[in-house]
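Let me begin by presenting the structure, written as structure tokens, before commenting on it.
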Amino acid sequence: MAGNDEVYVEYHRIGQIVKATAIDANTGVEVSIQGPANLPQEHLRRVVVAKLRYVLAKRRNKPRGILA
């Protein structure tokens with residue numbers, strides 16, 4: 134994630150669990166995590182954005198083609 138990083142973060146409470154979803158505005162890549170409902174949203178946001186960065190970096194570094 135470099136340049137103009139815009140990330141959308143959504144929270145959905147499901148009983149005692151909160152699902153946090155982060156979406157990269159440039160690529161549309163979406164990741165989710167779940168945590169206890171009493172956890173601060175800021176903590177969930179940090180974790181889900183870190184997961185999104187990990188997934189984007191993994192996709193960016195994926196080798197293409199066949200190595201001989």
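For this note's numbering, count along the sequence shown from 1 and bump the result up by 133. Positions of the beta carbon are idealized from the N, C-alpha and C atoms, including for glycine. Model, not experiment: these values are computed from the prediction.
Open item on the list: Using a Cβ-Cβ cutoff of less than 6 Å, which residues in the same chain neighbour E139 once the five nearest sequence positions on both sides are dropped?
Closed with: Cβ contact annotation for E139 (same chain, cutoff 6 Å, sequence separation greater than five): A158, in chain order.
TODO: Pull up the distance between the alpha-carbon of H176 and that of E163, whole angstroms please.
DONE: Approximately 18 Å, taken between the alpha carbons.
Open item on the list: Quick check on the DSSP output: the alpha helix (DSSP H) that includes K195 runs from which residue to which?
Closed with: K195 -> no alpha helix (DSSP H), and no H or E assigned at all.
- [ ] Would you kindly work out how many angstroms separate the C-alpha atoms of V188 and Y144, rounded to a whole number?
- [x] Cα to Cα, the separation comes out at about 19 Å.
Open item on the list: Only counting the same chain, and skipping five residues up and downstream in sequence, which positions put a Cβ closer than 8 Å to that of I150?
Closed with: Only Q167, G168, P169 and A170 meet the Cβ criterion.
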